[in-house]
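Visitor:
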Amino acid sequence: MQNNNFVEMVSQMMKMGNNPQQYLQAQMQQNPQFAQQFNNLQKMMRGSGMTSKQFAIQYCKQNGIPEEQVMQVAKMLGLK
Numbered sequence: 001m002q003n004n005n006f007v008e009m010v011s012q013m014m015k016m017g018n019n020p021q022q023y024l025q026a027q028m029q030q031n032p033q034f035a036q037q038f039n040n041l042q043k044m045m046r047g048s049g050m051t052s053k054q055f056a057i058q059y060c061k062q063n064g065i066p067e068e069q070v071m072q073v074a075k076m077l078g079l080k
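For what it's worth, my numbering labels the leading residue of the sequence shown as 1, then goes sequentially.
1. Pull up the distance between the alpha-carbon of PRO66 and that of PRO20, whole angstroms please.
2. Mapping the DSSP letters down to three states, classify PRO66 as helix, strand or coil.
3. Please work out which residues of its chain come closer than 6 Å, Cβ to Cβ, to GLN2, disregarding the five sequence neighbours upstream and downstream, and give them in chain order.
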């Protein structure tokens, strides 16, 4: 996922009333490629032995996504 895609995803989640699950379900139904990418990320995270936060930080670093941006969004959504 590129940085501009992440920003777009966050923007869409905010428009849906801070309901990331609703957004993800809608995206997976509309876009099979998105569903496959999301499922692959979940598998990678489970197999990594890291916490969700650790995995997100590593993923951000590897993909040029500003870590602070992800942590701010997580905090806004009530995620740890």
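Ideal Cβ placement from N, Cα and C applies to all residues, glycine included.
All figures in this text were calculated on a predicted structure; none of them were measured in a lab.
Guide: Considering the structure as presented:
1. Position 66 of the sequence shown, counted from the first residue, corresponds to residue 66. Position 20 of the sequence shown, counted from the first residue, corresponds to residue 20. The straight-line gap from Cα to Cα measures roughly 19 Å.
2. On the sequence shown, residue 66 is found 66 positions in, with the first residue counted as 1. The answer is coil: DSSP assigns PRO66 none of H, G, I, E or B.
3. As a first step, residue 2 must be located in the sequence shown, where it is residue number 2. Note that GLN2 has pLDDT 47, beneath the 50 cutoff, so the model's placement of it is unreliable and no number is given.
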